[in-house]
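Protein chains in written order, with our numbering: chain H, 1 to 499; chain Y, 1 to 243; chain Z, 1 to 278. A virtual CB, placed ideally from N, CA and C, is assigned to each residue, including glycine. Fair warning: this is a prediction, and the values are worked out from it, not measured in the lab. Worksheet for the structure shown next.
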Amino acid sequence: MSQDTSSESHSLHLLNPPLPFDMKLRMQQTTENDGSVQRIQNTARTKFAQREKSYTEAFGDRQTDVKTLAGQIKQHTLDHLDQYLEQFIQSATKSGMKVHLARDAAQARKICLNIAQSHGCKCCIKSKSMVTEEIQLLSALESGGIETYETDLGEFIVQLDGDAPSHIVTPVIHKDRESIARTFRQKLGAETTSDPEDLTEVARQYLRNVYRKADLGISGANFLVADTGTIVLCTNEGNGRFVTEVPPVHIVVAGIEKVIPRINDLSLLLKLLARSSTGQPLTVYTSLINGPTQHGDPVSTHEINVILLDNGRSNLLPAPTRSLLRCIRCGACLNACPVFRHAGGGHAYGSVYSGPIGSAITPLMRGVSNYSDLPKASSLCGSCHQVCPVNINLPQQLINLRQEAVTQQIPSRLESLIYRLFALCLRYPFLYRATSYFNKLFTRLGGISTGAHDQFSNRKWVKHAPWLFRHWTTCRDLPTPTSKNFQHWWILRNRGSSS
Amino acid sequence: MNHRESSSNAHASTHPALTNMGGCNQQEFLTRLKDPLEVTPTHDEFACPPILDDSIFRTTASDEDVVSRFVSQAKAAGTQIHETNENDLCSTINRILTNHKCRNVSLGFVDSPMDQRLRAYFSAEKKLDICPPSSDNSSYLFNVDAGITDVCAAIAETGSLVITTQSRHFRSISLIPPMHIAVVNRKQILADLIDYFDAFRDDVKPKPGFSTLFITGPSKTADIEGELVVGVHGPRSVHIVLV
Amino acid sequence: MRISGYHHCESIPHGQHGFHKQHRSSIDLRIALFITCLADNYFPRSGIAVVKILEYLGHEVIFPRIQTCCGQPMYNNGYRKEACQLARRMIKLFRDCEIVTTPSGSCASLVHDAYPQLFTEGTQDHEAAVGLAKNTYEFVSLLKDVLDVDLTQLGARWEGIATYHYSCHLRHIISQADVERLLNNIEGLEYRQIESADQCCGFGGTFSLHYPDLSGSMVREKVRNIAETGAETLICHDNGCTMNIAGACRRQNVAIRIISPSELFAESLGLLERGAEL
Numbered sequence: 001m002s003q004d005t006s007s008e009s010h011s012l013h014l015l016n017p018p019l020p021f022d023m024k025l026r027m028q029q030t031t032e033n034d035g036s037v038q039r040i041q042n043t044a045r046t047k048f049a050q051r052e053k054s055y056t057e058a059f060g061d062r063q064t065d066v067k068t069l070a071g072q073i074k075q076h077t078l079d080h081l082d083q084y085l086e087q088f089i090q091s092a093t094k095s096g097m098k099v100h101l102a103r104d105a106a107q108a109r110k111i112c113l114n115i116a117q118s119h120g121c122k123c124c125i126k127s128k129s130m131v132t133e134e135i136q137l138l139s140a141l142e143s144g145g146i147e148t149y150e151t152d153l154g155e156f157i158v159q160l161d162g163d164a165p166s167h168i169v170t171p172v173i174h175k176d177r178e179s180i181a182r183t184f185r186q187k188l189g190a191e192t193t194s195d196p197e198d199l200t201e202v203a204r205q206y207l208r209n210v211y212r213k214a215d216l217g218i219s220g221a222n223f224l225v226a227d228t229g230t231i232v233l234c235t236n237e238g239n240g241r242f243v244t245e246v247p248p249v250h251i252v253v254a255g256i257e258k259v260i261p262r263i264n265d266l267s268l269l270l271k272l273l274a275r276s277s278t279g280q281p282l283t284v285y286t287s288l289i290n291g292p293t294q295h296g297d298p299v300s301t302h303e304i305n306v307i308l309l310d311n312g313r314s315n316l317l318p319a320p321t322r323s324l325l326r327c328i329r330c331g332a333c334l335n336a337c338p339v340f341r342h343a344g345g346g347h348a349y350g351s352v353y354s355g356p357i358g359s360a361i362t363p364l365m366r367g368v369s370n371y372s373d374l375p376k377a378s379s380l381c382g383s384c385h386q387v388c389p390v391n392i393n394l395p396q397q398l399i400n401l402r403q404e405a406v407t408q409q410i411p412s413r414l415e416s417l418i419y420r421l422f423a424l425c426l427r428y429p430f431l432y433r434a435t436s437y438f439n440k441l442f443t444r445l446g447g448i449s450t451g452a453h454d455q456f457s458n459r460k461w462v463k464h465a466p467w468l469f470r471h472w473t474t475c476r477d478l479p480t481p482t483s484k485n486f487q488h489w490w491i492l493r494n495r496g497s498s499s
Numbered sequence: 001m002n003h004r005e006s007s008s009n010a011h012a013s014t015h016p017a018l019t020n021m022g023g024c025n026q027q028e029f030l031t032r033l034k035d036p037l038e039v040t041p042t043h044d045e046f047a048c049p050p051i052l053d054d055s056i057f058r059t060t061a062s063d064e065d066v067v068s069r070f071v072s073q074a075k076a077a078g079t080q081i082h083e084t085n086e087n088d089l090c091s092t093i094n095r096i097l098t099n100h101k102c103r104n105v106s107l108g109f110v111d112s113p114m115d116q117r118l119r120a121y122f123s124a125e126k127k128l129d130i131c132p133p134s135s136d137n138s139s140y141l142f143n144v145d146a147g148i149t150d151v152c153a154a155i156a157e158t159g160s161l162v163i164t165t166q167s168r169h170f171r172s173i174s175l176i177p178p179m180h181i182a183v184v185n186r187k188q189i190l191a192d193l194i195d196y197f198d199a200f201r202d203d204v205k206p207k208p209g210f211s212t213l214f215i216t217g218p219s220k221t222a223d224i225e226g227e228l229v230v231g232v233h234g235p236r237s238v239h240i241v242l243v
Numbered sequence: 001m002r003i004s005g006y007h008h009c010e011s012i013p014h015g016q017h018g019f020h021k022q023h024r025s026s027i028d029l030r031i032a033l034f035i036t037c038l039a040d041n042y043f044p045r046s047g048i049a050v051v052k053i054l055e056y057l058g059h060e061v062i063f064p065r066i067q068t069c070c071g072q073p074m075y076n077n078g079y080r081k082e083a084c085q086l087a088r089r090m091i092k093l094f095r096d097c098e099i100v101t102t103p104s105g106s107c108a109s110l111v112h113d114a115y116p117q118l119f120t121e122g123t124q125d126h127e128a129a130v131g132l133a134k135n136t137y138e139f140v141s142l143l144k145d146v147l148d149v150d151l152t153q154l155g156a157r158w159e160g161i162a163t164y165h166y167s168c169h170l171r172h173i174i175s176q177a178d179v180e181r182l183l184n185n186i187e188g189l190e191y192r193q194i195e196s197a198d199q200c201c202g203f204g205g206t207f208s209l210h211y212p213d214l215s216g217s218m219v220r221e222k223v224r225n226i227a228e229t230g231a232e233t234l235i236c237h238d239n240g241c242t243m244n245i246a247g248a249c250r251r252q253n254v255a256i257r258i259i260s261p262s263e264l265f266a267e268s269l270g271l272l273e274r275g276a277e278l
């Protein structure tokens with residue numbers, strides 16, 4: 001099963017747009033469909049609430065301490081990443097796994113194809129993995145003559161449609177059941193209603209036929225344990241297990257940041273992952289894979305390959321941005337972020353990684369000047385930091401990126417001039433007072449009075465502000481300063497009391 | 001493990017496997033990481049990772065009624081629980097199979113006596129076909145109505161079954177058939193995930209072919225409009241027979 | 001730092017409430033007010049309320065008149081050098097003040113979190129920044145944590161149905177529950193919680209100008225949630241949020257009076273006349 005070229009290029013365009021990426025333009029498209037926006041909002045809100053409930057039940061007052069500890073463990077691993085990777089390579093190799101190192105996406109794709117071709121693989125089943133989207137593996141496999149099937153229900157639908165996932169955890173939340181039913185009828189020839197149970201049954205039967213013939217399985221990994229060389233995979237549908245248990249050859253593609261030091265660290269991190277993602281104590285299936293099976297049976301996994309991927313992650317290793325690599329891809333920040341919800345979900349970010357984490361890592365991995373819109377599309381509310389299980393200070397990272405953009409002179413000269421002039425006015429009380437005075441004078445010219453008698457409450461409201469402030473008045477009125485300001489009050493009061 | 005030793009071993013044995021599929025040389029790959037890391041004050045000595053202080057993240061105390069907690073958590077995950085005793089074990093399993101009109105099953109027991117007991121019971125009953133566990137071709141599992149296994153542990157905190165397996169048959173028996181029945185002894189129930197990683201340390205160290213599975217309920221998804229559907233790729237139902 | 005006890009000033013009019021007078025031992029503090037550029041020009045009443053309350057409690061308010069702005073717009077938008085200049089100015093101005101208070105949670109949190117980071121550790125600037133960070137209190141947290149104010153004992157009274165918007169930058173300063181407790185200590189106040197009270201209103205400073213559609217979508221949701229409470233008054237905890245929400249309420253014809261917590265407390269103690277329109 002493969003996509004036709006036009007739908008393939010559509011999905012590539014969604015996640016690999018023309019650069020520099022124009023987020024406002026993209027948001028015009030992603031917020032067009034009200035139903036889609038509503039579904040994304042509802043899912044995000046539900047998961048946000050479920051996460052909250054589950055954390056309170058599990059950890060009560062200790063929530064902050066738990067997240068701090070998890071953050072410290074991940075930070076420590078990153079601080080010694082080269083050493084832990086070495087340890088993982090050694091442990092995994094000792095267990096009989098073959099470890100490969102890919103500096104970038106092209107090399108990772110090449111390794112996968114070489115492995116597949118060396119075994120004469122013809123049919124590949126894939127489980128959901130952000131990193132395989134990142135390296136655009138699907139199209140590479142198909143171009144290499146390997147029939148490839150996404151097996152996660154959401155990704156399966158995305159593949160059939162030539163679409164792209166809109167959320168790290170629930171990839172097709174932007175689609176409604178009718179459109180999914182249409183896809184199944186058209187692309188699979190299935191006769192089905194639009195009931196989610198019927199649709200799931202269609203996918204189950206179709207893919208079970210594929211599982212029987214698959215000779216290659218490709219998955220990601222949630223964690224890679226350095227001391228034991230264990231691969232950890234957390235899934236809910238069971239397709240992840242098919243991919244890792246049935247075909248004779250298994251390839252794991254994982255970012256270098258997935259390494260954790262000890263097997264016991266899982267006792268903490270597993271508790272946090274599913275709770276942060278969907279509010280469950282654990283995902284339905286958590287597999288700890290320690291090596292290939294030994295029976296030599298043609299349909300069991302007798303070779304496991306692990307591809308450790310850099311692809312720009314080493315750009316984040318310098319100390320100021322290192323904490324971003326702690327991310328365990330739970331999606332909690334997406335669900336908490338009001339911008340994600342109002343922007344129409346993951347497609348608005350023009351990258352595999354969306355939401356607050358995507359806004360921070362995408363510019364660093366793909367170029368600050370290419371994605372300068374992303375760090376600015378945030379009100380810095382801090383919800384993301386509050387929910388992050390590994391305590392990443394995302395708002396600070398976004399501010400740092402804005403600083404980097406200024407250093408690289410990315411904002412327009414006009415914008416920079418305005419901020420600098422504004423700062424100048426604020427440094428000198430005389431200029432500050434002059435600016436306040438003229439601001440009041442000009443904005444009140446066009447305003448509608450509230451009629452308040454108190455000069456410290458008397459203001460006007462402007463319906464259509466000019467120039468820069470026109471953006472404000474697209475959706476709300478702009479208040480003008482009051483007739484008299486606080487400084488006036490203070491002066492008057494002290495004059496009064498001293499006389 | 002002393003990591004200075006391990007790193008020198010790794011250099012000594014840079015496996016051809018690392019590069020023969022077109023991958024990067026280990027030294028080249030890791031050098032790119034070392035530059036930003038060497039600035040870190042503690043990078044010179046291999047400092048120990050932070051201590052895992054249980055008291056911070058334990059969710060289920062060992063002195064809690066772990067059986068009740070396990071039952072309620074498992075039910076919350078969609079598992080069906082059948083409480084019984086040793087004597088009635090076989091008949092309980094038989095009843096589940098009969099109620100769901102199962103004709104053939106596959107057994108995946110690590111505990112041989114339990115395996116023998118069930119086989120004896122089912123052949124006496126003559127109602128069920130037991131598919132052989134060691135066939136050359138595991139596609140037989142696609143035609144099996146139920147897979148029956150024991151477990152190595154169960155976790156009360158999450159309502160999970162823990163199955164550590166070596167052979168492919170034991171692994172996929174809890175995946176491919178539409179029903180999974182697991183026999184759990186009350187004594188096997190641990191309070192918290194922490195207890196599993198403490199008690200079963202050796203089990204999770206790499207032994208060739210070993211894998212450990214945590215199973216928490218039947219397979220599920222909420223991918224379509226956020227509506228929960230139970231029974232996706234894995235089993236549609238999971239039954240725990242608690243003895 | 002915890003100071004208990006307060007002094008009731010006989011000379012301040014009681015207003016129409018007739019509450020009890022409490023005479024306790026007094027410890028007078030000198031508290032510097034950092035008014036913030038927004039409050040100075042747009043919401044002076046919130047600053048007036050702060051002064052009146054602190055003087056009512058028996059403390060002296062100092063107001064360095066040459067103050068301007070903490071530099072938040074510069075800092076948040078990446079103009080670090082300019083932010084440093086404004087921070088230095090601010091630090092110098094309030095250097096000798098033991099307690100500094102501000103009605104703005106976002107400005108207080110900038111001083112706490114960002115100011116120390118702007119300067120290299122070990123330098124005098126850094127030391128001074130840390131010093132100011134320790135001495136700066138958002139006004140409601142000053143009342144609760146430093147002055148230990150008990151509104152019930154003061155006889156605070158305010159009749160009406162009110163709701164409350166918890167601003168994002170209060171997260172590390174004071175919890176929503178703590179503020180709600182203070183509101184519930186005011187006799188006569190019927191408090192109704194907004195659904196998702198702690199959800200961002202969409203102001204985000206210049207975010208509201210850079211991304212008007214996103215900001216607009218967020219504030220519309222906030223206004224919907226506020227309107228659903230049926231409250232007549234919204235207690236809005238940060239001036240930026242107030243500008244945003246008030247403007248959106250007007251645009252959507254949602255009639256609601258919006259005041260800051262300091263104004264509410266001042267009204268409830270008879271220090272400010274209720275009824276001035278926003």
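Using three-state DSSP, classify residue i as helix, strand or coil.
i, result
"Z/Met90", "helix"
"H/Thr278", "helix"
"Y/Ser237", "strand"
"Y/Asp150", "strand"
"H/Ala226", "coil"
"Y/Ser123", "helix"
"Z/Gln85", "helix"
Roughly how many angstroms separate the alpha carbons of residue i and residue j, rounded to a whole number?
i, j, result
"Z/Gln153", "Z/Leu57", "12 Å"
"H/Thr228", "H/Thr93", "10 Å"
"H/His473", "H/Leu431", "Here residue 473 of chain H is Thr; the residue named in the question, His, does not match the sequence. C-alpha separation (whole angstroms): 26 Å."
"Z/Lys52", "Z/Ile62", "12 Å"
"Y/Leu213", "Z/His112", "47 Å"
"H/Thr132", "H/Ala108", "9 Å"
"Y/Val151", "H/Asn290", "18 Å"
Leaving out five residues before and five after residue i in sequence, what residues of the same chain have Cβ atoms less than 7 Å from its Cβ?
i, result
"H/Gly238", "Tyr285"
"H/Gly344", "Met27, Thr30, Thr31, Ser36, Val37, Ile40"
"Y/Phe122", "Leu128, Ile130"
If we count the other Cβ atoms within 10 Å of its Cβ and call it buried at 16 or more, is residue i buried or exposed?
i, result
"H/Phe438", "exposed"
"H/Thr407", "exposed"
"Z/Ile12", "Reliability of the predicted coordinates at Z/Ile12 is poor, the pLDDT of 28 falling under 50, and the value obtained from them is presented with this limitation in mind. The residue is exposed, with fewer than 16 neighbouring Cβ atoms inside 10 Å."
In chain order, what residues of the same chain have a beta carbon less than 6 Å from the beta carbon of residue i, not counting five sequence neighbours either side?
i, result
"Y/Gln80", "His239"
"H/Ala348", "Arg26, Met27, Thr30"
"H/Leu113", "Gly144"
Identify, in the order they occur along the chain, each residue of the same chain with its Cβ nearer than 8 Å to the Cβ of residue i, setting aside the five sequence neighbours on each side.
i, result
"Y/Ser68", "none"
Answer yes or no: do residue i and residue j have a C-beta to C-beta separation smaller than 9 Å?
i, j, result
"H/Glu155", "H/Lys128", "yes"
"H/Leu272", "H/Cys124", "no"
"Z/Ser262", "Z/Ser46", "yes"
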